[in-house]
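Just so we're aligned: the sequence shown equals residues -28 to -1, 1 to 300 in mature numbering (1 follows the signal peptide of the UniProt record, and there is no 0). Here the structure comes first, spelled out in structure tokens, and everything after it is commentary.
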Amino acid sequence: MKEMSAARKKRAVIALCLAFLCAFSACAVQRGRAKKAKKFTWLTMGTGDTGGSLYASGADIADALQKRSETLRFNLKASTGSPENMKRLLAGDVDLALITADVAAAAKNEPGGETLRVIGAVFPSVSQWMALEESGLMRVSDLKGLPVIVGPEGSATEYAARAALKALQVPEEGYTMNGGIGSGADLVLSGRAKAVHALSGVPAPGLEKLATAKKSTLLRYDAAEIQKILAAEPQYFATVIPKGSYPGQDEDIPSFGVKCLLCVRADMDEALVYQLTEQLYAALPELAKKRRGFANVTDKAFYLGELPLPLHDGALRYYRDQGLTEEK
């Protein structure tokens, strides 16, 4: 009996030791899990109309940044475009925003505009007019006296459309209507409008949908018309809509465009902007392959040249570290 009692005591001690070891291991695992638990930094990005490229391009940028960071995550906020994004950014409703260079340049003179900063130019927004092939329309100047969709009210798309129509002496009153690119394309498809305008990366999802649904035509500007438009807006530049951008498009279409900038406020944390800039710059080749509209982004002259806003200190520090700029 004494031997059995001793054996039992021995087993009890062993069991107690095992229990202690298990408890210790469990605590260690929990501590390890706690260490591995990541604290996400959520940022909201102002984009655009879901029928245009601002929203889709914003989603691509957010995805590329998230893949390169264990802690950064993004919410996308749809809007009517650059002017609304600029207002939301200045109000603190979004942390980053896609804003065209013409709107950014004008914003410098608005209250609070001096706090706007840029990380880089991410793609060109290009003026694109689309009509159904059966309409017989070929040129933007053919739109005289016809109902057209110029873009969301107060948007850079509307501003560019009206600038073009004015330069071409196409009457606006009574003929132009506001609407998103996607909804405008639906109006063209139904016959309630003859053409829809997008100031957008190429291709614009709404126009792509229209050209897929029914044979459509991109309307042209001639060289003299483009020069008139550029003379009125210094942020615009001559470009083309490359052939093959839309179904049935077998040649380049001359047009004009404007840089679209990724903007932040001056008070955004410098280390955070440095991180964003580093990840964005690393993602540029991937973005250029993913979407035709990002093709220019790997060109340093496009990405960093002739920006209408100052670089954020965090972005500037990264570019200096990489030898990409000598700006101080």
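In this text, a Cβ means the ideal position worked out from N, Cα and C, and glycines have one as well. As the structure is a computational prediction, the values presented were derived from the model and not from experiment.
If you compare alpha carbons, which of Ala77, Gln100, Phe12, Gly277 is closest to Ala183?
Among Ala77, Gln100, Phe12, Gly277, the Cα nearest to that of Ala183 belongs to Gln100.
Between the beta-carbon of Leu70 and the beta-carbon of Gly123, is there less than 8 Å?
The answer is no: Cβ separation not under 8 Å.
Where Glu223 and Ala273 are concerned, what is the direct C-alpha to C-alpha distance, given to the nearest angstrom?
One C-alpha to the other measures close to 26 Å.
Report yes or no: do the region 106 to 116 and the region 87 to 94 share at least 3 C-beta pairs separated by less than 8 Å?
With a cut-off of 8 Å, the region 87 to 94 and the region 106 to 116 do not count as touching, because too few Cβ pairs lie within range.
Quick one: Cα of Pro257 to Cα of Ile198, how far?
So the alpha carbons of these two residues sit roughly 30 Å apart.
Please identify the residue among Val94, Tyr147, Glu105, Lys138 whose C-alpha is closest to the C-alpha of Ile121.
With distances taken between Cα atoms, Ile121 lies closest to Tyr147.
Considering only C-alpha positions, which residue in the set Thr13, Leu159, Leu48, Arg289 is nearest to Tyr27?
Among Thr13, Leu159, Leu48, Arg289, the Cα nearest to that of Tyr27 is on Leu48.
Indicate whether Phe46 and Gly173 have their beta-carbon atoms separated by less than 8 Å.
It is not a contact, given that the beta carbons lie outside the stated cut-off.
Whole angstroms is fine: what's the gap from Asp285's alpha carbon to Glu242's?
Going from the Cα of Asp285 to the Cα of Glu242 covers about 6 Å.
Would you call the region 61 to 81 and the region 226 to 238 in contact, with 3 or more CB pairs under 8 Å?
With a cut-off of 8 Å, the region 226 to 238 and the region 61 to 81 count as touching, because enough Cβ pairs lie within range.
Report all residues from its chain with a CB closer than 7 Å to the CB of Thr215; omit the five preceding and five following residues, and keep chain order.
The sequence as given places Lys at residue 215; Thr does not occur at that position. Hits under 7 Å: Gln221, Asp222, Glu223, Asp224.
Whose C-beta lies closer than 7 Å to the C-beta of Ala133 among residues of the same chain, with five residues either side of it excluded?
These residues qualify, in order along the chain: Val122, Gly123, His169.
Quick check: what's the CA-CA separation for Arg164 versus Leu15?
About 40 Å.
DSSP three-state call for Leu70: helix, strand or coil?
Three-state result, Leu70: strand.
Do the CB positions of Pro226 and Arg192 come within less than 8 Å of each other?
Result yes, Cβ atoms of Pro226 and Arg192 sit closer than 8 Å.
Within the same chain, show all residues whose beta-carbon is closer than 7 Å to that of Gln251, passing over the 5 residues directly before and after it, in chain order.
Contacts found: Leu37, Arg40, Ser41.
Going along the chain, which residues of its own chain have a beta-carbon closer than 6 Å to the beta-carbon of Asp217, five neighbours each way excluded?
Residue identity differs from the one stated: residue 217 is Ser in this sequence, not Asp. The answer, listed in chain order, is Val174, Pro175.
Given that a residue counts as buried once 16 or more other Cβ atoms are within 10 Å of its Cβ, and exposed if not, what is Asp158?
When all chains shown are included, Asp158 counts as buried.
DSSP three-state label for Lys49, please.
Strand, per DSSP.
Roughly how many angstroms separate the alpha carbons of Gly4 and Arg263, rounded to a whole number?
Residue confidence is low: Gly4 scores 49 on pLDDT, short of 50, so the model does not pin down where it sits. Its coordinate-derived value is still stated next. Cα-Cα distance, rounded: 40 Å.
At a cut-off of 7 Å, is Ala36 close to the ligand PLP when judged by its beta-carbon and the heavy atoms of the ligand?
For the structure depicted, the ligand PLP is absent and the ligand set is empty, with no information on it obtainable.
Tell me the start and end of each unbroken beta strand (DSSP E) in the region 153 to 193 that is at least 3 residues and wholly inside, in chain order.
Correct list: 167 to 172, 188 to 190.
Suppose the cutoff is 6 Å on Cβ atoms and the five residues either side in sequence are ignored; what does the same chain contact list for Val76 look like?
According to the sequence as given, residue 76 is Ala; it is not Val. Counting only Cβ-Cβ distances below 6 Å, and skipping sequence neighbours, we find Leu233, Pro280, Leu281.
Report the partner residues of Ile121 according to the DSSP bridge assignment.
Looking at the DSSP assignment, Ile121 forms a beta bridge with Met149, Val168.
Assign residue 301 to buried or exposed, taking buried as 16 or more other Cβ atoms, counted over all protein chains shown, within 10 Å of its Cβ.
Any answer about residue 301 is impossible in this case: the structure gives the chain only from -28 up to 300.
State buried or exposed for Ser162, treating a residue as buried only when at least 16 other CB atoms are found within 10 Å of its CB.
That one is exposed.
Figure out for me which residue from Gly85, Leu179, Ala103, Asp35 has the closest Cα to the Cα of Asn57.
When each option's Cα is compared against that of Asn57, the closest is Gly85.
Taking Pro257 as part of the beta strand (DSSP E), name the residues at either end of that continuous run.
First-last for Pro257: 242 to 262, but that is the alpha helix (DSSP H), not the beta strand (DSSP E).
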